[in-house]
């Protein structure tokens with residue numbers, strides 16, 4: 012005959028613990044505590060407030076400035092194209108010194 016205390020303990024454990032049902036058992040539930048709040052950053056390291064600054068796109072020039080810049084770009088491109096043909100139409104002054112024939 013087996014030990015009656017051992018049989019009683021085995022019966023209590025089987026009655027109180029859930030039986031596993033096959034190979035795929037439900038994982039043990041763990042309670043997750045909420046994460047503590049993040050510490051506040053100092054003012055100099057905090058992100059910038061986008062609403063405090065106006066929306067400015069400095070790469071967009073004003074209407075008159077853009078026309079002037081486009082004209083200068085066309086002059087530079089024309090000078091480069093003519094330089095490939097051997098025609099020099101550079102500026103009349105380079106670093107404040109007059110160059111080329113005077114007209």
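Residue numbers (this note's numbering): 12 to 114. Glycine included, C-beta positions come from ideal geometry on N, C-alpha and C.
From residue i to residue j, what does the alpha carbon distance come to, in whole angstroms?
i	j	result
residue 46	residue 62	29 Å
residue 52	residue 60	14 Å
residue 99	residue 85	16 Å
residue 74	residue 66	18 Å
residue 21	residue 42	29 Å
residue 15	residue 26	16 Å
residue 80	residue 48	52 Å
residue 88	residue 64	38 Å
Quick one: grab the DSSP three-state call for residue i.
i	result
residue 16	helix
residue 23	helix
residue 101	coil
Might you give, ordered along the chain, the residues of its own chain that have their beta carbon closer than 6 Å to the beta carbon of residue i, omitting 5 neighbours on each side?
i	result
residue 77	none
residue 29	none
Can you tell me the Cβ-Cβ gap for residue i and residue j, rounded? I've got them flagged as a contact below 8 Å.
i	j	result
residue 101	residue 90	6 Å
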